[in-house]
Amino acid sequence: MKWAVVFTVAWGLGYAFNAASFDSDLSWTKSLYERKRDIAASLEGTPRLLFAGGSGVHYGVDAMQVEQETGMPSVNFGLHAGLGLNAILRVALESLRPGDVVVAIPEYGILQDADGGGWLSGPFGAAIREPGVGGFGPLETARETFRAGVTNQMSLGKGVFVALFGASGRTRPLADSRGSTSVFFPGIPVPGSVEGRMSPQAERRLRVFRDEVHQRGATLFLALPWLLIGPQDHESFVAAGRYADALRAVAPLLCDASLNLQTDPARFSDSSYHLTEVSRRARSTALAQQIRSALGGQQR
Amino acid sequence: MNFTEFSFWWLLAVVGVPILLLRTAAKRAGAWRETFDPVVLFVLSSILFWSASPVSFTIHIIELLLNYAVFCALPYVARRTGYVLAGAAIALDLSVLAYFKYADFLVHDVVGLIVPSAASAGRLTPVAGLPPGISFYTFQVVAFMIDTVRTPDATPVALLDYLNFASFFPLVVAGPIERRADLLPQMRGFRWRFSAGDVDIGLRWIAVGAFLKFVLADNLASFVRVANSTNAWVVLLSVYLFGLRIYFDFAGYSCIALGLGRALGVRLTLNFRAPYGSRSIGEFWRRWHVSLSQWFRDYVFIPLGGSRTGFVAVNLLIVFVISGFWHGAGWNYVMWGAYHGLLLITARTLARRIRVPAAVGWFATFNAVMLGWLLFMDTDASRLAAKARLLLTPGSYSLASLRAAGGTYSSVEWLSVLITVGMAGAVLLAEGRTSRPGAGHPYEALLAMPFAPALLAASLFLGAKTFSEFVYFAF
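So the sequence lines, in the order shown, correspond to chains L and C. The opening residue of the first sequence carries number 0 in numbering that gives the first Met the number 0; numbering runs sequentially from there. The opening residue of the second sequence carries number 0 in numbering that gives the first Met the number 0; numbering runs sequentially from there.
Okay, structure coming up:
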């Protein structure tokens with residue numbers, strides 16, 4: 000009995016801490032989610048384009064530019080890869096309307112992940128008052144609900160700092176009227192790499208997501224993210240090919256022959272997934288062309 | 000069957016609770032016999048193992064059935080034939096282990112040394128990857144067979160008891176490697192009792208294990224920079240952090256295993272006895288991964304002649320090289336084993352000539368063990384060589400490189416490193432205080448009230464952002 004009490008009290012305190020969103024990553028993601036959800040809700044016109052993914056989408060797709068180039072109202076629903084695939088797809092689904100086109104561009108790490116949840120998914124559920132968000136079956140829902148009351152040393156440390164010194168640990172996410180970032184952080188990105196293959200869980204989740212999208216009368220496209228890799232990294236190219244094949248088996252895939260792998264660090268800002276403003280323009284133009292072409296193909 | 004995964008505890012609850020409720024209902028209706036209890040235990044262990052890896056579970060069960068068949072045949076054959084049969088069973092067990100764990104290494108890295116074409120051939124991937132726990136349960140069933148041949152016991156062993164002995168879910172994946180004399184009697188009389196005392200102590204062990212794993216090991220893991228081979232300070236810090244991490248990782252797992260066993264009324268071997276408080280390398284190996292060290296002592300070192308031959312040093316070196324190889328299929332693990340063998344030989348030689356104060360002995364042992372983790376930590380041979388060269392070059396330890404090392408982590412991360420290392424140090428001190436002769440076991444202070452519940456709460460608050468795999472799961 001005493002163990003149940005200890006566990007429940009500790010979990011409850013953790014839940015309260017997460018619900019208060021003291022952690023800057025969590026508060027950033029929560030505010031970003033709320034802003035993008037509101038943008039999607041208020042966006043008129045049909046069909047709309049909705050881009051879903053982690054911060055690679057937030058920093059890598061200019062929804063306004065895509066809108067201008069395709070003529071389709073667009074919203075950037077890129078959030079944080081720490082949410083994991085399940086939560087990212089779940090919150091994107093909530094904003095879909097019949098006739099919409101959703102382009103999911105998940106980062107490789109969340110496709111490789113075996114359980115579909117991320118370190119941020121549980122706390123995010125507490126923060127938006129939906130513990131278990133992204134749960135995909137009883138096990139995953141129970142796991143995400145449990146994680147809603149779990150915090151970590153880094154988050155707790157930052158929370159205590161905020162409480163002691165009164166500083167605001169909550170950074171406001173800067174996003175434009177279509178949800179894309181309006182600020183770019185300069186930096187020297189370390190090249191990333193593509194490893195392994197898409198997990199069976201991710202494949203299963205994407206297939207279910209495709210069916211859910213179709214049930215709502217919408218269309219699903221998948222795309223590969225732009226990723227900075229080392230100049231001689233042939234292994235990443237081979238691995239990206241495996242991911243591309245697996246994604247194509249789920250839904251039409253938007254990418255070029257390079258599999259969107261880049262070797263020029265000047266195109267990236269503070270991470271191997273985050274683009275500079277200039278390269279984001281190039282990326283968005285390419286994406287708009289691919290969408291037009293894919294939609295044209297479907298109509299034919 | 001990974002204690003860090005929510006799915007393990009979920010499955011344990013989802014399968015275990017209904018089974019036990021059914022048992023209770025059947026018992027009340029008078030339809031339950033206590034002899035059903037071991038069946039339920041085996042079913043639960045099997046479901047948990049199957050869910051982790053169906054192929055591995057199948058291999059495991061086939062191995063156990065073959066071993067049991069040989070074991071049953073032993074009383075009916077001549078002694079010499081029995082030796083041959085037991086030897087064949089052991090050879091089969093070790094061959095299965097060799098195929099899954101060492102085939103690729105033997106072809107590429109051993110044969111490849113002589114035949115260059117073998118080194119460049121495609122990787123050999125076993126049909127099921129490395130089955131979880133194969134290194135541990137193989138040693139357990141081999142020990143069972145050897146013990147049976149050495150000291151024939153007329154008492155028959157029921158198949159179910161043997162299966163429970165080798166498949167008991169808390170230990171099947173990463174030990175402790177239990178002996179026939181310790182575990183089999185408990186499996187023979189296994190009953191689901193759930194005494195309040197056992198459950199309470201079991202939960203205390205689980206709380207301590209969770210703290211060691213989630214708070215200490217996982218946070219430390221996030222600060223280890225294996226890829227850095229250019230800054231001596233960073234390499235050195237990573238080696239020490241890794242040394243702490245691997246201990247808390249495996250000790251944490253072992254405590255959880257021990258707690259799960261205890262909650263079910265089964266007492267398992269304490270695998271770690273405050274090894275970092277050791278004052279000699281010999282003492283370290285009596286306290287580190289106790290069940291494995293004893294296995295190598297009883298089944299390799301003593302059969303080689305032990306300390307009673309003129310080749311003690313050679314025997315020790317052989318044992319430690321094999322022990323290193325058991326840990327992983329790579330030259331770095333072999334070197335790590337040889338390093339410890341040479342350390343032990345040197346320490347034994349010096350101990351005959353000089354006596355050092357306890358504090359000096361502890362300091363030398365602690366640092367020698369920590370530096371040895373360099374060999375264990377890095378599986379990339381060229382990077383390992385670069386790190387060794389760097390650490391052996393006095394000029395690497397400049398103030399400029401120290402300043403550069405400061406940029407390895409952000410200021411928040413540095414604070415987290417200090418807090419985690421501080422907590423790790425406090426745990427090591429608490430272990431050391433109770434590990435002296437007659438002072439009980441090393442975890443007594445941590446298991447005491449109210450520390451154990453506080454550690455459980457801390458595990459929910461102070462873990463790392465992401466869980467790290469158990470290091471020993473790779474072995």
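We treat Cβ as the ideally placed atom computed from N, Cα and C, and that holds for glycine.
Problem set entry | Limits of the unbroken beta strand (DSSP E) element including residue 73(L) | Counting from one through the first sequence, the residue named residue 73(L) turns up at place 74. 73 to 77 is the extent of the beta strand (DSSP E) around residue 73(L).
For this session: Measure from the C-beta of residue 263(C) to each C-beta in chain L and report whether the shortest distance is under 9 angstroms.
Result: Counting from 1 along the second sequence, the entry for residue 263(C) is found at position 264. Taking Cβ atoms only, chain L never reaches closer than 9 angstroms to residue 263(C), which makes this a no.
Exercise. Going along chain L in order, which residues have a C-beta closer than 9 angstroms to the C-beta of residue 411(C)?
Worked result: The count along the second sequence starts at 1 and reaches residue 411(C) at position 412. Those within 9 angstroms of residue 411(C) in chain L are 153, 156, 157, 160.
For this session: Can you tell me which of 317(C), 408(C), 18(C) puts its alpha carbon nearest to the alpha carbon of residue 344(C)?
Result: Taking the second sequence and counting its residues from 1, the one referred to as residue 344(C) is at position 345. With distances taken between Cα atoms, residue 344(C) lies closest to 317(C).
Problem set entry | Three CB pairs or more closer than 8 angstroms across the region 401 to 410 of chain C and the region 274 to 293 of chain C | The count of Cβ pairs closer than 8 angstroms, one atom from the region 401 to 410 of chain C and one from the region 274 to 293 of chain C, stays below three, leaving the stretches out of contact.
Exercise. For the candidate residues 66(L), 68(L), 112(L), 97(L), whose alpha-carbon lies nearest to that of residue 80(L)?
Worked result: Walking along the first sequence from the start, residue 80(L) turns up at place 81. Residue 80(L) has its Cα closest to that of 112(L), out of 66(L), 68(L), 112(L), 97(L).
Problem set entry | Length of the line joining the Cα atoms of residue 253(L) and residue 66(L) | Indexing the first sequence from 1 puts residue 253(L) at position 254. Indexing the first sequence from 1 puts residue 66(L) at position 67. Residue 253(L) and residue 66(L): Cα-Cα distance of roughly 17 angstroms.
Problem set entry | At least three beta-carbon pairs within less than 8 angstroms, the region 346 to 361 of chain C to the region 224 to 243 of chain C | no
Exercise. What are the uninterrupted segments assigned as alpha helix (DSSP H) that are 4 or more residues long and contained completely in the region 56 to 124 of chain C, given in chain order?
Worked result: 78 to 96, 115 to 118
Exercise. Taking only runs of the alpha helix (DSSP H) that begin and end inside the region 242 to 299 of chain L, which ones reach a length of at least 4 residues, in chain order?
Worked result: 276 to 298
Exercise. Under a CB-based cut-off of 9 angstroms, is residue 69(C) close to chain L?
Worked result: Numbered from 1 along the second sequence, position 70 holds the residue referred to as residue 69(C). Judged by the 9 angstroms Cβ criterion, residue 69(C) is not in contact with chain L.
Problem set entry | Of the listed residues 8(C), 165(C), 191(C), nearest to residue 35(C) (C-alpha basis) | In the second sequence, residue 35(C) corresponds to position 36, counting from 1. Residue 35(C) has its Cα closest to that of 191(C), out of 8(C), 165(C), 191(C).
Problem set entry | Contact check, residue 340(C) vs residue 370(C), beta carbons under 9 angstroms | For the purposes of this step, residue 340(C) is taken as the residue at position 341 of the second sequence. For the purposes of this step, residue 370(C) is taken as the residue at position 371 of the second sequence. Cβ distance not < 9 angstroms, so residue 340(C) and residue 370(C) don't count as in contact.
For this session: Report the partner residues of residue 140(L) according to the DSSP bridge assignment.
Result: Indexing the first sequence from 1 puts residue 140(L) at position 141. Its beta-bridge partners do not exist; DSSP assigns none.
Exercise. Hey, would you say residue 195(L) sits closer than 9 angstroms to residue 243(L), going by beta carbons?
Worked result: On the first sequence, position 196 is the one that residue 195(L) refers to. On the first sequence, position 244 is the one that residue 243(L) refers to. With respect to residue 243(L), residue 195(L) sits apart: the two C-beta atoms are not nearer than 9 angstroms.
Exercise. Which residue's Cα is closest to the Cα of residue 293(L): 61(L), 60(L), 215(L), 220(L)?
Worked result: Translated into the one-based positions of the first sequence, residue 293(L) becomes position 294. Ranking 61(L), 60(L), 215(L), 220(L) by Cα distance to residue 293(L) puts 220(L) first.
Exercise. Can you tell which of 261(L), 139(L), 268(L), 200(L) has its C-alpha closest to the C-alpha of residue 5(C)?
Worked result: Counted from its first residue, the second sequence places residue 5(C) at position 6. The option with the nearest alpha carbon to residue 5(C) is 139(L).
Exercise. How is residue 227(L) classed by DSSP in three states: helix, strand or coil?
Worked result: As a working mapping, residue 227(L) is identified with position 228 in the first sequence. Of the three classes helix, strand and coil, the one that applies to residue 227(L) here is strand, per DSSP.
Problem set entry | Straight-line Cα distance separating residue 237(C) from residue 466(C) | The residue labelled residue 466(C) in the question sits at position 467 within the second sequence. The residue labelled residue 237(C) in the question sits at position 238 within the second sequence. Approximately 18 angstroms between the Cα atoms of the pair.
Exercise. Residue 4(L) lies in the alpha helix (DSSP H); which residues open and close that run?
Worked result: On the first sequence, position 5 is the one that residue 4(L) refers to. Per DSSP, residue 4(L) belongs to the alpha helix (DSSP H) from 1 to 18.
Exercise. Of the choices 319(C), 46(C), 27(C), 235(C), whose alpha-carbon is the least far from that of residue 391(C)?
Worked result: Position 392 of the second sequence, counted from the start, is the residue given in the question as residue 391(C). Nearest of 319(C), 46(C), 27(C), 235(C) to residue 391(C), Cα basis: 235(C).
Exercise. For residue 366(L) versus residue 462(C), is the C-beta spacing smaller than 9 angstroms?
Worked result: The first residue shown for chain L is 0 and the last is 299, placing residue 366(L) beyond what the model contains.
For this session: Please look up how many angstroms separate the CB atoms of residue 246(L) and residue 193(L), rounded, as I've assumed it's under 8 angstroms.
Result: On the first sequence, residue 246(L) is found 247 positions in, with the first residue counted as 1. On the first sequence, residue 193(L) is found 194 positions in, with the first residue counted as 1. Wrong, their Cβ atoms sit about 13 angstroms apart, outside the cutoff.
For this session: In the DSSP assignment, find the beta strand (DSSP E) that holds residue 193(C) and state where it starts and stops.
Result: Sequence index remark: in the second sequence, residue 193(C) carries index 194 (1-based). Counted as a single uninterrupted DSSP element, the stretch harbouring residue 193(C) is not any beta strand (DSSP E), since DSSP gives it neither H nor E.
Exercise. Among 272(L), 268(L), 210(L), which residue has its Cα nearest to the Cα of residue 250(L)?
Worked result: Position 251 of the first sequence, counted from the first residue, corresponds to residue 250(L). If we check each option's Cα against that of residue 250(L), 210(L) comes out closest.
Exercise. Does the beta carbon of residue 151(C) come closer than 9 angstroms to any beta carbon on chain L?
Worked result: As a first step, residue 151(C) must be located in the second sequence, where it is residue number 152. So, not an interface residue.
Exercise. Are the C-beta of residue 229(C) and some C-beta of chain L separated by less than 9 angstroms?
Worked result: Residue 229(C) sits at position 230 when you count from the first residue of the second sequence. At a cut-off of 9 angstroms between beta carbons, residue 229(C) makes no contact with chain L.
Exercise. Given that residue 464(C) touches chain L, what residues does it touch there, using C-beta distances under 7 angstroms?
Worked result: Position 465 of the second sequence, counted from the start, is the residue given in the question as residue 464(C). Going along chain L in sequence order, the residues near residue 464(C) (Cβ under 7 angstroms) are 118, 151, 153.
Exercise. Of the choices 421(C), 408(C), 92(C), whose alpha-carbon is the least far from that of residue 221(C)?
Worked result: Within the second sequence, the letter at position 222 stands for residue 221(C). It is 408(C).
Exercise. By Cβ distance below 6 angstroms, which residues in the same chain neighbour residue 223(C) in space, the five residues on each side in sequence not counted?
Worked result: Translated into the one-based positions of the second sequence, residue 223(C) becomes position 224. Cβ neighbours of residue 223(C) beyond the five flanking positions: 237, 240, 241.
For this session: Pick out the complete alpha helix (DSSP H) segments inside the region 298 to 384 of chain C, 4 residues or longer, and give them in chain order.
Result: For the region 298 to 384 of chain C, the continuous alpha helix (DSSP H) assignments of 4+ residues that do not extend past its boundaries occur at 311 to 326, 330 to 352, 357 to 376, in sequence order.
Exercise. Would a check of beta-carbon distances place residue 193(L) closer than 9 angstroms to chain C?
Worked result: Taking the first residue of the first sequence as 1, we reach residue 193(L) at position 194. Answer no: the Cβ-Cβ gap between residue 193(L) and chain C never drops below 9 angstroms.
Problem set entry | Residue-chain proximity (residue 34(L), chain C), Cβ-Cβ < 9 angstroms | Position 35 of the first sequence, counted from the first residue, corresponds to residue 34(L). It does not: the Cβ of residue 34(L) has no partner Cβ on chain C nearer than 9 angstroms.
Exercise. So, helix, strand or coil for residue 101(L), using DSSP?
Worked result: As a working note, residue 101(L) is residue 102 in the first sequence. Annotated three-state conformation of residue 101(L) is strand, per DSSP.
Exercise. Any idea if residue 94(C) is buried or exposed, counting beta-carbon neighbours within 10 angstroms, 16 or more meaning buried?
Worked result: Mapped onto the second sequence, residue 94(C) falls at position 95. Looking at its Cβ environment, which holds fewer than 16 other Cβ atoms inside 10 Å, residue 94(C) is exposed.
For this session: Quick one: using the 10 Å Cβ neighbour count with 16 as the cut-off for buried, is residue 168(L) buried or exposed?
Result: Along the first sequence, read from residue 1 onward, the residue named residue 168(L) stands at position 169. Below a pLDDT of 50, predicted positions are generally treated as unreliable, and residue 168(L), at 43, falls in that range; the measurement from the model is reported next regardless. Buried, because 16 or more other Cβ atoms sit within 10 Å of the Cβ of residue 168(L).
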